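Under the numbering used here, the residue at position 55 of the sequence shown is numbered 174, and the numbers go up by one with no gaps.
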Amino acid sequence: MGVVCRYTGMTLPRKDIDYYELLLVSRKAPVEVIRASYRTLMQKLKHHPDLGGDVATAALINEAYAVLCHAERRAEYDAYLVAVQLAGNGVDFESTRSGTERSAIEKIDPHRACMFCGTEHEHGKSIAEATACSACRSPLFLAGNHKLELKGQRAVARIDKRQDIIFYTHWPQATGFIGRTEDISLNGMRFETRVDMQRGQYIKIVSQFADAIALVKNCRQMRRDPGVANVVGVSFVTLRIGQSRGGFVSEKI
Numbered sequence: 120m121g122v123v124c125r126y127t128g129m130t131l132p133r134k135d136i137d138y139y140e141l142l143l144v145s146r147k148a149p150v151e152v153i154r155a156s157y158r159t160l161m162q163k164l165k166h167h168p169d170l171g172g173d174v175a176t177a178a179l180i181n182e183a184y185a186v187l188c189h190a191e192r193r194a195e196y197d198a199y200l201v202a203v204q205l206a207g208n209g210v211d212f213e214s215t216r217s218g219t220e221r222s223a224i225e226k227i228d229p230h231r232a233c234m235f236c237g238t239e240h241e242h243g244k245s246i247a248e249a250t251a252c253s254a255c256r257s258p259l260f261l262a263g264n265h266k267l268e269l270k271g272q273r274a275v276a277r278i279d280k281r282q283d284i285i286f287y288t289h290w291p292q293a294t295g296f297i298g299r300t301e302d303i304s305l306n307g308m309r310f311e312t313r314v315d316m317q318r319g320q321y322i323k324i325v326s327q328f329a330d331a332i333a334l335v336k337n338c339r340q341m342r343r344d345p346g347v348a349n350v351v352g353v354s355f356v357t358l359r360i361g362q363s364r365g366g367f368v369s370e371k372i
């Protein structure tokens, strides 16, 4: 029987079970490869109970397949694997879902480590504007340092307030989620998405306006529009203005 992960909220297997290892695929495997490996295990390798396989093993294989072939469940499972790995490295992912939910990433000093993935750096307080995390490529330049710069104000004034963005909810994540902005400023943005998020969660945003690490301030459900699940408001923590123009849709981390 699984347990509920305190970081992602999803029901998870025992820590000694890795869905990717169970299906004999890599963590970057596309759905087609996962599906083919599943069929091989169940049919050619005869793990299916009707072919003489063990019922418990078949159940685990089915469980792994159900998660890894479902985009949102796979993303949550990947987040869980990262949380387990970081916990082993001394990063505390303890959180509560009553009241204001707070991520353990908040405990990270931005002058010492990336606020999105937690990777340490040696830039200290002298972080150049274009500096990016060596692991996830998120910007490290603090957003507050942009607020008095005229170029940032000009950049906001000339952009379309309605544009597509890609955002990432955890590290590593091969493919980002799609959102569409309602409003953008130097302080943050508001965007529509079908993805549920929690207040206090850190995300990475890639857009024509800028790349950013942002803190989720609120996530409001849109009951009147079935095509848009949520409107999310975020404040920028780090910001790199004017990056990824023309190619942001294909960017992956």
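Here a beta-carbon is modelled for each residue, glycine too, at the ideal position from N, C-alpha and C. Because the structure is a prediction, the values reported are computed rather than measured.
1) What three-state label does DSSP hand V325 in the structure shown?
2) If we call anything under 8 Å between Cβ atoms a contact, is A194 one with Q292?
3) Kindly give me the distance between the Cβ atoms of S257 and K323, rounded to whole angstroms, as I take these residues to be in contact under 8 Å.
4) From the DSSP output, which residues share a beta bridge with Q340?
5) Within the same chain, show all residues whose beta-carbon is closer than 8 Å to that of A177, passing over the 5 residues directly before and after it, in chain order.
6) Measure the C-alpha to C-alpha separation of V325 and F286 and round it to an integer number of angstroms.
7) Is any non-hydrogen atom of the ligand ZN found closer than 7 Å to the C-beta of N264, if you look at the structure I gave you?
8) Residues in the same chain with beta-carbon distance under 7 Å from A329, minus the five sequence neighbours each way, listed in chain order, please.
9) If you run the structure through DSSP and keep just helix, strand and coil, what is S145?
10) Could you give the distance in angstroms between the alpha-carbon of F235 and the alpha-carbon of F310?
11) Would you mind reading off the limits of the beta strand (DSSP E) that contains R158?
Taking the geometry as given:
1) The residue you call residue 325 lines up with position 206 of the sequence shown. Note: V325 maps to strand in three-state DSSP.
2) Residue mapping note: residue 194 aligns to position 75 of the sequence shown, counting from 1. Residue mapping note: residue 292 aligns to position 173 of the sequence shown, counting from 1. Yes, the Cβ-Cβ distance between A194 and Q292 is below 8 Å.
3) Walking along the sequence shown from the start, residue 257 turns up at place 138. Walking along the sequence shown from the start, residue 323 turns up at place 204. Right, their Cβ atoms sit about 5 Å apart.
4) Within the sequence shown, numbered from 1, the residue matching residue 340 stands at position 221. Per DSSP, N349.
5) Counting from one through the sequence shown, the residue named residue 177 turns up at place 58. Cβ within range, chain order: M161, H166, H167, P168.
6) Stepping through the sequence shown from its first residue, residue 325 is reached at position 206. Stepping through the sequence shown from its first residue, residue 286 is reached at position 167. V325 and F286: Cα-Cα distance of roughly 6 Å.
7) Looking at this structure, you won't find the ligand ZN or any other ligand, since it has none at all.
8) On the sequence shown, position 210 is the one that residue 329 refers to. Hits under 7 Å: L358, R359, I360, G361, Q362.
9) Against the sequence shown, residue 145 aligns to sequence position 26. Of the three classes helix, strand and coil, the one that applies to S145 here is coil, per DSSP.
10) Against the sequence shown, residue 235 aligns to sequence position 116. Against the sequence shown, residue 310 aligns to sequence position 191. Rounded to whole angstroms, F235 to F310 spans 19 Å at the Cα level.
11) Position 39 of the sequence shown, counting from 1, holds the residue named residue 158. Counting along the chain, R158 falls outside any beta strand (DSSP E), though it belongs to the alpha helix (DSSP H) covering 150-158.
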